[in-house]
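Working notes, beginning with the structure itself.
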Amino acid sequence: MVQPPSAPVNQPRGLRGDYSHAAEDYTVAQDWERYSPDEHIIWATLYRRQIDLIERYAAPEVMAGVRALGASASQIPRFEDANRVLQTTTGWRIVAVPGLIPEHTFFDHLSHRRFPVTVWIRSREELDYLVEPDVFHDFFGHVPLLTNPIFARFMQAYGEAGPKAMATPGGLRMLARLYWYMVEFGLIRTGSGLRVYGAGILSSKGETVYSVESPEPQRLDFDLVRVMRTDYRIDDFQRTYFVLDSFEQLFGACYNTDFAPMYRQYGALPPLAADRPPAGATPQHQERSRE
Ligand code: HBI
Ligand code: FE
165 MVQPPSAPVN
175 QPRGLRGDYS
185 HAAEDYTVAQ
195 DWERYSPDEH
205 IIWATLYRRQ
215 IDLIERYAAP
225 EVMAGVRALG
235 ASASQIPRFE
245 DANRVLQTTT
255 GWRIVAVPGL
265 IPEHTFFDHL
275 SHRRFPVTVW
285 IRSREELDYL
295 VEPDVFHDFF
305 GHVPLLTNPI
315 FARFMQAYGE
325 AGPKAMATPG
335 GLRMLARLYW
345 YMVEFGLIRT
355 GSGLRVYGAG
365 ILSSKGETVY
375 SVESPEPQRL
385 DFDLVRVMRT
395 DYRIDDFQRT
405 YFVLDSFEQL
415 FGACYNTDFA
425 PMYRQYGALP
435 PLAADRPPAG
445 ATPQHQERSR
455 E
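In the working numbering, the protein residues as written are 165 to 455.
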């Protein structure tokens, strides 16, 4: 499942959600009672097929989060239940939103440890592919890692970096690439091989296997500048994945780093192609998950 982080969300018209009841910060009530039995079945279908896969492919930190949340396999979760868990682990909370929201609002939520989760769920015809985020992508993909203190702190720092990026030409596009590659499509090295933690991968059956097993994509060591300069595909599996050694590595590279000089240096240049071969980075093609 992919979403366009640079979507022209300042005009929410054309997006699927109902924005008519949204507050100024774009939050809505989850209105859990209004999900139909069929919508819960769609959740259960997605959850069951994904949970077995991620037992094998997801990073241990993701699985710890999934267990801590104790989300129901058979029903769309109630956000208030997840919030009790998040409150005691990292102090984050979920807020319900109608779908994509404007960048500055999104950044503001993250910087205050609020993660926007879309309320609606995809239809049965869209189990495998969706352009906008829905509740399955947002909740199943993003929320587990918000129980991890280091990753949660990184997400807050990401939100805090938003206003400066928006004020610098080319900055927003560069910051959005950091989100794309390291929040949506990130891989991490573990003692038992490559594992998945990115939400866009975790919520996609096909890409969960592909990102770890396929010989096609390149897997490059995390490099902040390279990530922020690299173009991405929103309509297909990624050509390049960036691999972390640890969440501390990501946090360390971004926290207390002023991105402004990078925006000035690279913001006006065309992006690097999504499948551009590594320049000095170590390709990880040989690395596979080991059981
Ligand atoms: N809104 N609901 C929602 N979810 C997102 O992931 C999101 C968004 N608005 C903007 C956005 N992402 C991106 O543009 C930023 O990460 C750059
Ligand atoms: Fe997402």
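Each residue gets a CB set at the ideal place from its N, CA and C atoms; glycine is no exception.
Contact belief for residue i with residue j at Cβ below 8 Å, rounded distance in angstroms
i: L366; j: L358; result: With a Cβ gap of about 14 Å, L366 and L358 do not count as contacting.
i: P333; j: A432; result: 6 Å
i: L388; j: A417; result: 5 Å
i: T354; j: T311; result: Between T311 and T354 the Cβ distance is about 18 Å, and since that is not below 8 Å, they are no contact.
i: A246; j: V307; result: 6 Å
i: V347; j: G362; result: 6 Å
i: Y322; j: Y343; result: 7 Å
i: P224; j: F303; result: Contact doesn't hold; Cβ gap of about 20 Å is too wide.
i: F271; j: L210; result: About 28 Å; that fails the 8 Å criterion.
i: R393; j: A438; result: About 11 Å separates the two Cβ atoms, so there is no contact after all.
i: A208; j: A237; result: 6 Å
i: G305; j: G364; result: 7 Å
i: T360; j: F386; result: The residue you asked about is not Thr; residue 360 is Val in the sequence shown. That pair is no contact at about 15 Å.
i: Y405; j: M338; result: At roughly 18 Å, the Cβ-Cβ gap does not stay under 8 Å, so Y405 and M338 are not in contact.
i: G229; j: L309; result: 6 Å
Residue i CB to nearest heavy atom of the ligand FE below 8 Å
i: G326; result: no
i: D298; result: no
i: V347; result: yes
i: A363; result: yes
i: G305; result: yes
i: H185; result: no
i: H273; result: no
i: D302; result: yes
Cβ-based burial, residue i [other Cβ within 10 Å; buried from 16]
i: M330; result: exposed
i: R198; result: exposed
i: L274; result: buried
i: E289; result: exposed
i: S368; result: buried
i: A340; result: buried
i: Y190; result: buried
i: R231; result: exposed
i: G178; result: exposed
i: Q429; result: exposed
i: A443; result: exposed
i: P425; result: exposed
i: T421; result: exposed
i: R286; result: buried
i: R212; result: exposed
i: Q251; result: exposed
i: E267; result: buried
i: P441; result: exposed
i: P434; result: exposed
i: A187; result: exposed
i: Y293; result: exposed
i: D182; result: exposed
Residue i: first and last residue of the uninterrupted beta strand (DSSP E) it sits in
i: D245; result: Counting along the chain, D245 falls outside any beta strand (DSSP E), though it belongs to the alpha helix (DSSP H) covering F243 to T253.
i: G357; result: G357 to V360
i: F406; result: T404 to L408
i: I258; result: R257 to V261
i: R383; result: Q382 to D385
Check: residue i C-beta below 8 Å from any heavy atom of the ligand HBI
i: A340; result: yes
i: G357; result: no
i: F423; result: no
i: V295; result: no
i: I285; result: no
i: G334; result: no
i: E225; result: no
i: T354; result: no
i: G431; result: no
i: T282; result: yes
i: F112; result: Residue 112 lies beyond the residue range present for the chain, which begins at 165 and ends at 455; the question has no answer from this structure.
i: I265; result: yes
i: Y211; result: no
i: Y396; result: no
Span of the alpha helix (DSSP H), counted from its first residue to its last, around residue i
i: T209; result: P201 to Y221
i: T282; result: Careful: T282 lies outside any alpha helix (DSSP H), inside the beta strand (DSSP E) at R278 to T282.
i: L388; result: L388 to R393
i: R180; result: Segment: none, R180 is in no alpha helix (DSSP H) and carries neither H nor E.
i: R317; result: P313 to A331
i: R428; result: A424 to Y430
i: D272; result: E267 to S275
i: T354; result: Counting along the chain, T354 falls outside any alpha helix (DSSP H), though it belongs to the beta strand (DSSP E) covering L351 to T354.
i: I365; result: A363 to L366
i: E457; result: This structure does not reach residue 457, given that the chain is present from 165 up to 455, and the question cannot be answered.
Task: At least three beta-carbon pairs within less than 8 Å, the region 410–426 to the region 317–324 - done: The region 410–426 makes contact with the region 317–324, as at least three CB pairs between them are under 8 Å.
TODO: Please determine if the region 252–265 and the region 276–291 are in contact, where contact requires at least 3 C-beta pairs separated by less than 8 Å.
DONE: Contact annotation: the region 252–265 touches the region 276–291, with at least three C-beta pairs closer than 8 Å.
Open item on the list: With three or more C-beta pairs closer than 8 Å as the rule, is the region 370–377 touching the region 392–408?
Closed with: Taking 8 Å as the limit for Cβ pairs, the verdict is that the region 370–377 does touch the region 392–408.
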